[in-house]
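J.: Sharing a structure, written as structure tokens. Questions coming.
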Amino acid sequence: MKVSDDKIKDLLVKENYVSAEDMKKAEAFASSHHSSITDYLFAEELIDKSTLGQAIAESFGLGFLNLDEEKPSKEQVLKLGEQSAVSNRVIFVGEKDKTCEFATDSPQNKELIPKLKRAFKGKKIKLYYSFPESIDENLNYYKKSLETRFSQIVESKTRIAPELVEEIVEDAISYHASDIHFEPQDDVVVIRFRIDGVLSEAGRIPNEYYENILNRIKVMAQLRIDEHFATQDGAIRLVVKGSEVDMRISLAPTLDGEKITIRLLAEYVRDLTLGELGLCDKDQAMLVEAAKRPFGMILVTGPTGSGKTTTLYALIKHLNDPTKNITTIEDPVEYKIPGTNQIQVNPEKDITFAEGLRSIVRQDPDVILVGEIRDKETAEIAVNAALTGHLLFSTFHANDAATAIPRLMDMGVEPFLLSSTLNVIYSQRLVRKLCNACRYSEQISKIKVSQDYPGFSQYFSKETTIYRGKGCDICNGTGYKGRVGIFEYIKVTKEIQELMLNNPSTNEIWHLAKQQGAHTLAEDGVEKVKEGLTTLDELMRVIPAD
């Protein structure tokens, strides 16, 4: 059960976790930025998540159990029957001195303790409060494999396609997958999820049921059922467990049939702050400072799927208040942001990035977000918009921050215009985070680093502590759970502006930026390795060493 903002406000002020003055600031922030009071409290470090959990637990007369730090094993959780656990939202977490301990997000359920006493006769019962998302994560242990559930649905012979699609989407959401792939082969269809940037097989469906599933998805996405040899794109909004989920659908014909790829636009990504994305305090301060300027351009670069749009959304969320007119042009609009005006690219209606941007400039905007600069026309309009008193954010495909400048010049943007408008360029990648439940430390020598991770040894002393993941039930044996960003930036100073007028090379730009304090993706990644957030193996997978 999710606790309302009003109850959280009353709890925190009444128990002196937060002063009344700070709470008023949090309420004003939440109202003007269309967010929650906890966003402000976390961002200002007035409380942390554990403190919030303790306050909520105390209101129920219970202790707080952080299941992210004190994870029960699968064997422990399954000691309580599935029906009791799922229907009552309760997790068995352990037994001490004939006292069975449970975590729940619904302690107000008066029938809960009597039911647990009947299930564990002769035992004392102790309840803890835990966050709803932690309860959901542990309830996943009760799920049977997808293939087992497929068989049960097929045997029931009722609404096979809708139920199969629903099961697959529910599973993907529960594992925080970003994409679902339906890949037809000779006699089966392989289902794969992309979780934390890596694809893994989730299950298989007999080919005979695939046509119904394909047609079901086409109908939901308003695509042509009779078209089998052309690509098609669509969108679906689905209600899963009471929450709306937006999905982008892509169909492509292959030799074995039509392949479906579904991009899931998860609710939890929408609410990420700059800090939660992985930006260090120094980088956050610089980005926010650049975003407070009345005009200019902020670019975020990186390959597809590196979290560029999520970073810009977090920045928009930080700036969003009733005094600003914020307008976006996107393809597609990934998340709806309350308080902003969002335009969807539609070439059939002549709404391209360039045409949409021309229209936006006439709409009296303060802040403009252009989903992507793809061509010379869009680049020139964006630069001119930034030059004429607008703050403009956009993404751009470039391998690193320094490469973005020569690439924009190659597209035909005049150096003197670019140097006058660019405020800061960020480049980013996403790396998998180590699983907190099975993370362990070890010492590694500089020699070992140079042997196993060539190019990264320059960042290590003779011996350094690094971390790895053993693999456990929580992370499905991978050693990783979740992702975090690694970043590099170039702040466009007066010296870099002067350099840009001379058509500099990427190396010349980096050389000057480094002298002025910029850090590379590798440097930021190594810092996160030393902090225990990720591993050198993951860094090697995602980026080249300097």
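Take 37 as the starting number for the sequence shown in our numbering and just add one per residue.
Using N, Cα and C, we set each Cβ at its ideal position, and we do this for glycine too.
Does DSSP classify Asp141 as helix, strand or coil?
T.: Locating residue 141 in the sequence shown gives position 105, where the first residue counts as 1. Coil.
J.: Measuring only between beta-carbons, confirm whether Ala415 sits less than 8 Å from chain C.
T.: Going by chain labels, chain C is absent from the structure shown, which holds only one protein chain.
J.: What are the start and end residues of the alpha helix (DSSP H) that includes Ile253?
T.: To locate residue 253, count along the sequence shown from 1; it is residue 217. Annotation for Ile253: the continuous alpha helix (DSSP H) segment containing it runs 246–256.
J.: Contact check, Val406 vs Leu393 under 8 Å by CB: the rounded distance?
T.: One-based indexing of the sequence shown puts residue 406 at position 370. One-based indexing of the sequence shown puts residue 393 at position 357. Confirmed, Cβ separation roughly 6 Å.
J.: Thinking Glu450 and Gln479 are a contact (beta carbons under 8 Å), I'd like their distance in whole angstroms, please.
T.: Residue 450 sits at position 414 when you count from the first residue of the sequence shown. Residue 479 sits at position 443 when you count from the first residue of the sequence shown. The Cβ separation is near 53 Å, so there is no contact.
J.: Jot down the residue ranges of each uninterrupted beta strand (DSSP E) in the region 333–365, minimum 3 residues, whole runs only, in chain order.
T.: none
J.: Can you tell me the Cβ-Cβ gap for Leu575 and Gly561, rounded? I've got them flagged as a contact below 8 Å.
T.: Walking along the sequence shown from the start, residue 575 turns up at place 539. Walking along the sequence shown from the start, residue 561 turns up at place 525. By a beta-carbon distance limit of 8 Å, Leu575 contacts Gly561. Their separation comes to about 5 Å.
J.: Along the alpha helix (DSSP H) that carries Asn174, what are the first and last residues, could you check?
T.: Position 138 of the sequence shown, counting from 1, holds the residue named residue 174. That run of the alpha helix (DSSP H) goes 168–175.
J.: Would the beta-carbon of Val336 fall within 8 Å of that of Leu348?
T.: Counted from its first residue, the sequence shown places residue 336 at position 300. Counted from its first residue, the sequence shown places residue 348 at position 312. Remark: C-beta atoms of Val336 and Leu348 approach each other more closely than 8 Å.
J.: Whose C-beta lies closer than 8 Å to the C-beta of Tyr177 among residues of the same chain, with five residues either side of it excluded?
T.: Here residue 177 refers to the residue found at position 141 of the sequence shown. Excluding positions up to five away in sequence, the list reads Lys110, Val113, Leu114, Asp509.
J.: Excluding the 5 residues flanking Val39 on each side, which residues of the same chain have their C-beta closer than 7 Å to its C-beta?
T.: Along the sequence shown, read from residue 1 onward, the residue named residue 39 stands at position 3. The beta carbon of Val39 is closer than 7 Å to those of Ile92 in its chain, skipping five residues each way along the sequence.
J.: Let me check one thing: in DSSP terms, what residues is Gln380 bridge-paired to?
T.: Mapped onto the sequence shown, residue 380 falls at position 344. The partner list for Gln380 (beta bridge, DSSP) reads Glu366.
J.: Nearest by alpha-carbon distance to Val205: which of Val190, Glu191, Phe186 is it?
T.: Locating residue 205 in the sequence shown gives position 169, where the first residue counts as 1. Of the listed residues, the one whose Cα sits closest to Val205 is Phe186.
J.: With which residues is Val520 paired in a DSSP beta bridge?
T.: As a working note, residue 520 is residue 484 in the sequence shown. When beta bridges are read from the DSSP output, Val520 appears opposite Val467.
J.: Which residues mark the beginning and the end of the beta strand (DSSP E) in which Arg185 is found?
T.: Looking up residue 185 in the sequence shown gives position 149. Run containing Arg185: none in the beta strand (DSSP E); it sits in the alpha helix (DSSP H), 182–192.
J.: Tell me, to the nearest whole angstrom, how far the beta carbon of Tyr462 is from that of Ala421; I am working on the premise that it is less than 8 Å.
T.: Numbered from its first residue, the sequence shown carries residue 462 at position 426. Numbered from its first residue, the sequence shown carries residue 421 at position 385. Wrong, their Cβ atoms sit about 19 Å apart, outside the cutoff.
J.: If you reduce the DSSP assignment to three classes, tell me which class Ala213 lands in.
T.: Residue mapping note: residue 213 aligns to position 177 of the sequence shown, counting from 1. DSSP places Ala213 in strand when its eight states are reduced to three.
J.: Within its chain, find whatever has a CB closer than 7 Å to the CB of Ile331; leave out the 5 residues flanking it on each side and keep chain order.
T.: Counting from 1 along the sequence shown, the entry for residue 331 is found at position 295. The residue asked about is misnamed: residue 331 is Phe in this sequence, not Ile. Same-chain partners within the cutoff: Ala422, Gly425, His426, Leu427.
J.: Secondary structure at Phe65, three-state DSSP: helix, strand or coil?
T.: In the sequence shown, counting from the first residue as 1, residue 65 sits at position 29. It is helical.
J.: Go through its chain and collect everything with a Cβ distance to Asn174's Cβ below 6 Å, but skip five positions before and after it.
T.: As a first step, residue 174 must be located in the sequence shown, where it is residue number 138. Same-chain partners within the cutoff: Val113, Ile127.
J.: Select from Ile196, Val369, Leu300 the residue whose C-alpha is nearest the C-alpha of Tyr245.
T.: Along the sequence shown, one-based indexing puts residue 245 at 209. Closest by alpha carbon: Ile196.
J.: Expressed to the nearest angstrom, what Euclidean distance is found between the alpha-carbon atoms of Val485 and Thr290?
T.: Looking up residue 485 in the sequence shown gives position 449. Looking up residue 290 in the sequence shown gives position 254. About 43 Å.
J.: Taking only runs of the alpha helix (DSSP H) that begin and end inside the region 389–427, which ones reach a length of at least 4 residues, in chain order?
T.: 389–397, 412–423
J.: According to DSSP, is Leu274 part of a helix, a strand, or is it coil?
T.: By one-based count along the sequence shown, residue 274 stands at place 238. Note: Leu274 maps to strand in three-state DSSP.
J.: Here's a check: name, in chain order, each residue in its chain whose Cβ is nearer than 7 Å to the Cβ of Ser342, leaving out the five neighbours to either side.
T.: Counting from one through the sequence shown, the residue named residue 342 turns up at place 306. These residues qualify, in order along the chain: Gln464, Arg465, Leu466.
J.: Helix, strand or coil: which one does DSSP assign to Phe78?
T.: As a first step, residue 78 is located in the sequence shown; it is residue number 42 there, counting from the start. DSSP places Phe78 in helix when its eight states are reduced to three.
J.: Rounded to a whole number of angstroms, what is the C-alpha to C-alpha distance between Thr530 and Glu366?
T.: Start at 1 with the first residue of the sequence shown, and residue 530 comes out as number 494. Start at 1 with the first residue of the sequence shown, and residue 366 comes out as number 330. Per the sequence presented here, residue 530 reads as Lys, with Thr not at that position. About 32 Å.
J.: Would you kindly report the start and end of the unbroken alpha helix (DSSP H) that includes Thr583?
T.: The requested residue 583 is not part of the displayed model; the chain covers only 37 to 582.
J.: From the DSSP output, read off the bridge partner residues of Asp269.
T.: Translated into positions along the sequence shown, residue 269 becomes position 233. According to DSSP, which records beta bridges pairwise, Asp269 is partnered with Ser286.
J.: May I have the straight-line CA-CA distance separating Phe429 from Arg299, to the nearest angstrom?
T.: Counting from one through the sequence shown, the residue named residue 429 turns up at place 393. Counting from one through the sequence shown, the residue named residue 299 turns up at place 263. Phe429 and Arg299: Cα-Cα distance of roughly 23 Å.
J.: In this structure, what does DSSP give as the bridge partners for Gly293?
T.: Counted from its first residue, the sequence shown places residue 293 at position 257. According to DSSP, Gly293 bridges with Thr290.
J.: Between Glu416, Pro198, Gly99, Ala213, which lies nearest to Leu454 when the distance is taken from Cα to Cα?
T.: Here residue 454 refers to the residue found at position 418 when the sequence shown is read from its first residue. Distance from the Cα of Leu454 is smallest, within the candidate group Glu416, Pro198, Gly99, Ala213, for Glu416.
J.: Starting from Gln479, follow the beta strand (DSSP E) in both directions and report where the run begins and ends.
T.: Translated into the one-based positions of the sequence shown, residue 479 becomes position 443. Counting along the chain, the beta strand (DSSP E) containing Gln479 begins and ends at 475–481.
J.: With a CB to CB cut of under 8 Å and the five nearest residues on each side skipped, what residues in its chain are close to Leu103?
T.: Your numbering for residue 103 matches position 67 in the sequence shown. Excluding its 5 nearest sequence neighbours in each direction, Leu103 has C-beta neighbours in its own chain below 8 Å: Ile127, Val129, Ala139, Ser166, Phe167, Ser170, Ile171, Glu173, Asn174, listed in chain order.
J.: So, is Thr340 buried or exposed, given that buried needs 16 or more other C-beta atoms within 10 angstroms?
T.: Locating residue 340 in the sequence shown gives position 304, counting from the first residue. Residue environment for Thr340: exposed (fewer than 16 other C-beta atoms within 10 angstroms of its C-beta).
J.: Less than 8 Å between C-beta atoms, sequence neighbours within five positions excluded: which residues of the same chain meet that for Leu148?
T.: Looking up residue 148 in the sequence shown gives position 112. Excluding residues within five positions, the ones whose Cβ falls inside 8 Å are Asn124, Val126, Thr140, Ser142, Leu163.
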